[in-house]
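J.:
Chains as they are written, first to last, in this note's numbering: chain H, 2 to 569; chain Z, 2 to 569.
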């Protein structure tokens, strides 16, 4: 930044580098839309007004100009591509800054994974700000690839792109004053500490807020959000691929509280990201639901910038970053041109200069298991087994008890009754740990699906109608260095390799989307009834959400928070 | 702070130290007023809700509870008492935090003066945050007691109570990129930098904003304020003793922009402070003018806290400071009880435990002049003189030309034509500098007034009908170690000693108010027509505001920005 030159451009004494003429400026500071020209010097807005000259002028002809969007909370890993590739998907949508929690890769690769994300993002036009993952691993009832204590996280404080501490999911630990949790909070004292506290209320909510947690993105009802707002938490309105809460929460917004509301995507799969969009999709939903367009855009810009103390962006004003979005339809903003730090980077939904595809040569291998020793057989020690009951489109499960067919002393899947076998195979350290159980509600009539995307430990999860199909699917994933697979018998139907930590592809996101679509089609052809059986499966191994889950250590009764026997 | 205990209180596992029951909570976060109990642990709010127990309970019986007020910009010196005594006046009004610019004492004593203010405030319940004065001295056309360069100001960055850089009044220097000014901005990069740019507009305003200036408190019209708001400046709505802009600016406020508006008092004299009040007075004006009460209170709390990044206050929520104000009338809030960090410190307009009067033993002498050598005679070098024309209630003056009576070659005052003599005597270094001139519009028919409060250099200023009265008044002030005086002939009528830098009294503010009132009465009896001739006089020596001013270096034509001859 060259302040004397910026001032000279602002004064009109030197020509600007870029002049956007005849804009209808969406001014999120004054809450107005007013005509203006915007003069840019280097990466910054130098002047807003009339009468500027520039080396390069673009006449917007009365089109709208708003600040670049910020995503208040996103796990980039859910896009199945690394940050620079993710940027290709969201920058053309007008998203110029994201705050990401690299929680998934951290569970696999620890600090090395976080540094990979930082490094990959460094070459990208998207400003990727990182919150340090606060809960790695999620609990002691699983085996993750890494463990991050307060002392590890402190190492991130000196990284310029690291803002604060990401969603503190261990809210019982916060409330009870668990010393390990408090030491993480203390390490990030003075930084932004984001929250995650589904359903929390009353005195326990007071305690969570009193600990300095400043946001929540897990609200599902207006009442829940209102109480959290009153208690001082900023409310992130989320529209993820799996959790779609935006429409239900929008009635919360009033002119008197909207400054405390931000928009976030949390987890968006490549199909949704390329199909619906990112934060721009949320802005359109909000406007369609009756939110004033300037307010909707403010929730996607200034409010988020202020929450994260990013004072150099979030509004169009002199001295701020020239991150700018041009659009024509105020009732459904869709980025037509996107400027990042004063440069035109995207136009009509695509990057102006698409990058050469990057090669990822030196990735550490993260799938450590012996494919020859996979054994899904379950010795029956009773006739009644605990069964995980899937609830469509929810992370919660039922804790069921079902009679299981037994043959020669071995418990079997029973696809005709939608009773499938499930396995969680530890894949980080080659321990040979395997958790085995049964699941109802997935719908496969034959074959199996397998994945190394399994929140939060990301072990290898397999669900199938028979052991052979399960072994084939699991071996396919292992051979790919991680990823997703569908198999029947000894035949692989489709595989999406995710060699980056078993979470992300090294290919372009459009290719990943097409491959993922093919996997879903194959799974549906095998009888899967869920919209996205892979996503559903990825949460069946997450032992922090009730009621019954499976990890590599076995079946977890989440209410009792302990490993329980399969047979009752 | 004891986080585990705060959490225990928040959970309800331990009794709170204080419980305010049955409040109508003014929730500036959600923009609502709702019933609540507030549980306090140590200095912090631990819980908001119902069902708490405490060692001490106060039933508010449905009275209102709002956060302690913040004053966004105040020169404490204008209260004529130091910070701890100032606190006695404003804390009972509900003001619990002020951001002060110790610009006046800095012009007299430099860093030593600023450290005096920090030290005096340290023992006070009022949280006095300091912005470093950016313009000491105001210009080269005066002699001040000190000079603060960027290198001096940097020494303040490590002071915990120092927030940022105070009103950058040298806006032409900012806009033109003056290296000395930019070096101060650079020194405070990353901190809040406040502005002061009366009437600035267009490209020059863009430049001022582009330099990182984040506020302005000098707006006088809605149009001016709207342009600045659009450009990214927070607008401080001011109601000072001399500049009363609040009512004129309130029509600016809309639900969509009020978050960018804060309240400030800038300069309030003891009479107004004790009579009308401080920020509470501004809140009442705003409500009386039709602003929604929650919004008015938010402009005095959350908005200011957010501007200054004081995240621990400005709202009633768990984890924030228990700075709380109880009041009964939502249409005209008047503090009935004031809690600071959880302690009841003021009740019904007074401190609960009034402090013992503090002695100021080791004050440096700041009036350095030889009272025997005061000579106000003006040798006439023409018949027509430049005369400062006072405009009531404005800092601007007319640049007049008048015929001046001459006797034996010496120019004389002519009280019958309201033509008085004025002198500015350098008092910091004993240089013997004296500026002499004439002023019209003060109204004294006999006698003289003198003062060491004279913005910004605070030299000794005298206005009188004859040289003998002027000498008597000036000597009285010098003998008091600085202050204000009224004299006729050789008789002192009244003196207010201000031995602290010639700006502040070492007595209680009530006494100062009474004394000041007596001085005003005496001046009015001598014919003074202005509401406050001392305040008017204090700005006749301020050479940054047009048109004609007098400093110790002589008459300054502000438009030409140079010293000019007295006779034309």
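The beta carbon of each residue, even a glycine, is placed where N, CA and C say it ideally should be. The structure displayed is predicted, hence computed values, not measured ones.
Have a look at Z:555, Z:473, Z:241 and Z:516 and flag the residue whose alpha-carbon is nearest the alpha-carbon of residue 435 of chain Z.
T.: Z:555
J.: Within 10 angstroms of the Cβ of residue 187 of chain H, are there 16 or more other Cβ atoms? Answer buried if so, exposed if not.
T.: exposed
J.: Cβ of residue 258 of chain Z less than 8 angstroms from any chain H Cβ?
T.: yes
J.: Please state if the CB of residue 168 of chain Z and the CB of residue 135 of chain Z are separated by a distance shorter than 8 angstroms.
T.: Yes, the Cβ-Cβ distance between residue 135 of chain Z and residue 168 of chain Z is below 8 angstroms.
J.: Would a C-beta distance cut-off of 8 angstroms place residue 303 of chain Z and residue 559 of chain Z closer than the cut-off?
T.: no
J.: Are the C-beta atoms of residue 7 of chain H and some chain Z residue less than 8 angstroms apart?
T.: Against chain Z, the CB of residue 7 of chain H has a partner CB under 8 angstroms away; the residue lies at that interface.
J.: Take the Cβ of residue 214 of chain Z as the centre, count every other Cβ of all protein chains shown within 10 Å, and call the residue buried at 16 or more, exposed below.
T.: Looking at its Cβ environment, which holds 16 or more other Cβ atoms inside 10 Å, residue 214 of chain Z is buried.
J.: Just reading off the alpha helix (DSSP H) that residue 362 of chain H is part of, what are its end residues?
T.: That residue, residue 362 of chain H, is in no alpha helix (DSSP H); it is neither H nor E in DSSP.
J.: I'd like to know whether the C-beta atoms of residue 1 of chain Z and residue 210 of chain Z end up nearer to each other than 8 angstroms.
T.: Chain Z is shown only over 2 to 569; residue 1 of chain Z falls outside these bounds and no answer can be derived.
J.: Quick one: does residue 11 of chain Z have its CB under 8 angstroms from some CB of chain H?
T.: yes
J.: Inspect the beta-carbon positions of residue 212 of chain Z and residue 19 of chain H and report whether they are closer than 8 angstroms.
T.: no
J.: Using the C-alpha atoms, what's the distance from residue 344 of chain H back to residue 549 of chain Z?
T.: Rounded to whole angstroms, residue 549 of chain Z to residue 344 of chain H spans 49 angstroms at the Cα level.
J.: Between residue 173 of chain H and chain Z, is there a C-beta pair that is closer than 8 angstroms?
T.: no
J.: Does residue 28 of chain H get closer than 8 angstroms to chain Z when you measure Cβ to Cβ?
T.: yes
J.: Do we get a CB-CB distance below 8 angstroms when we pair residue 233 of chain Z with the residues of chain H?
T.: So, interface residue.
J.: Identify the contact partners of residue 203 of chain Z in chain H, using a Cβ-Cβ distance below 7 angstroms as the criterion.
T.: 50
J.: Check distances from the C-beta atoms of the region 150-166 of chain H to those of chain Z and list, in chain order, the residues that come in under 7 angstroms.
T.: So the list is empty, because no residue satisfies the distance condition.
J.: Which residue marks the beginning of the beta strand (DSSP E) containing residue 552 of chain H, and which one marks its end?
T.: 549-552
J.: In chain order, what residues of the same chain lie with their CB nearer than 7 angstroms to the CB of residue 331 of chain H, ignoring the 5 residues before and after it?
T.: 65 and 294
J.: Less than 8 angstroms between the CB atoms is what I'm expecting for residue 92 of chain H and residue 126 of chain H, so what's the real figure, rounded?
T.: 6 angstroms
J.: Identify every run of the beta strand (DSSP E) within the region 217-269 of chain Z, keeping only runs that are complete inside it and at least 3 residues long; order them along the chain.
T.: 235-239 and 262-265
J.: Residue 207 of chain H CB to nearest chain Z CB: under 8 angstroms?
T.: With its beta carbon less than 8 angstroms from one in chain Z, residue 207 of chain H belongs to the interface.
J.: Could you check how far apart the C-beta atoms of residue 96 of chain Z and residue 279 of chain Z are, in whole angstroms? I think they sit under 8 angstroms.
T.: Rounded, the Cβ-Cβ distance is 5 angstroms, consistent with contact.
J.: Check whether the Cβ atoms of residue 75 of chain Z and residue 305 of chain Z sit closer than 8 angstroms, and answer yes or no.
T.: no
J.: Are residue 223 of chain Z and residue 250 of chain Z touching if we call contact CB-CB under 8 angstroms?
T.: yes
J.: For a minimum of 4 consecutive residues, which ranges assigned as the alpha helix (DSSP H) are wholly contained in the region 451-513 of chain Z?
T.: 468-480
J.: Tell me whether residue 422 of chain Z sits in a helix, a strand or coil according to DSSP, three-state version.
T.: strand
J.: Would you mind sorting residue 408 of chain H into buried or exposed? The rule is 16 or more other CB atoms within 10 Å of its CB.
T.: Looking at its Cβ environment, which holds fewer than 16 other Cβ atoms inside 10 Å, residue 408 of chain H is exposed.
J.: On the three-state DSSP scale, how would you describe residue 5 of chain H?
T.: helix
J.: Which word fits residue 473 of chain Z, buried or exposed, when buried means at least 16 other C-beta atoms lie within 10 angstroms of its C-beta?
T.: buried
J.: Less than 8 angstroms separating the beta-carbons of residue 391 of chain H and residue 398 of chain H?
T.: yes
J.: Is it right to say residue 456 of chain H is buried, meaning 16 or more other beta carbons lie within 10 angstroms of its own, or is it exposed?
T.: buried
J.: Residue range of the alpha helix (DSSP H) that residue 105 of chain H falls in?
T.: 104-123
J.: With a threshold of 8 angstroms between beta carbons, is residue 139 of chain Z in contact with chain H?
T.: no
J.: List the DSSP bridge partners of residue 36 of chain Z.
T.: Z:25
J.: For residue 170 of chain Z, name the three-state secondary structure that DSSP assigns.
T.: Residue 170 of chain Z falls in the coil class under three-state DSSP.
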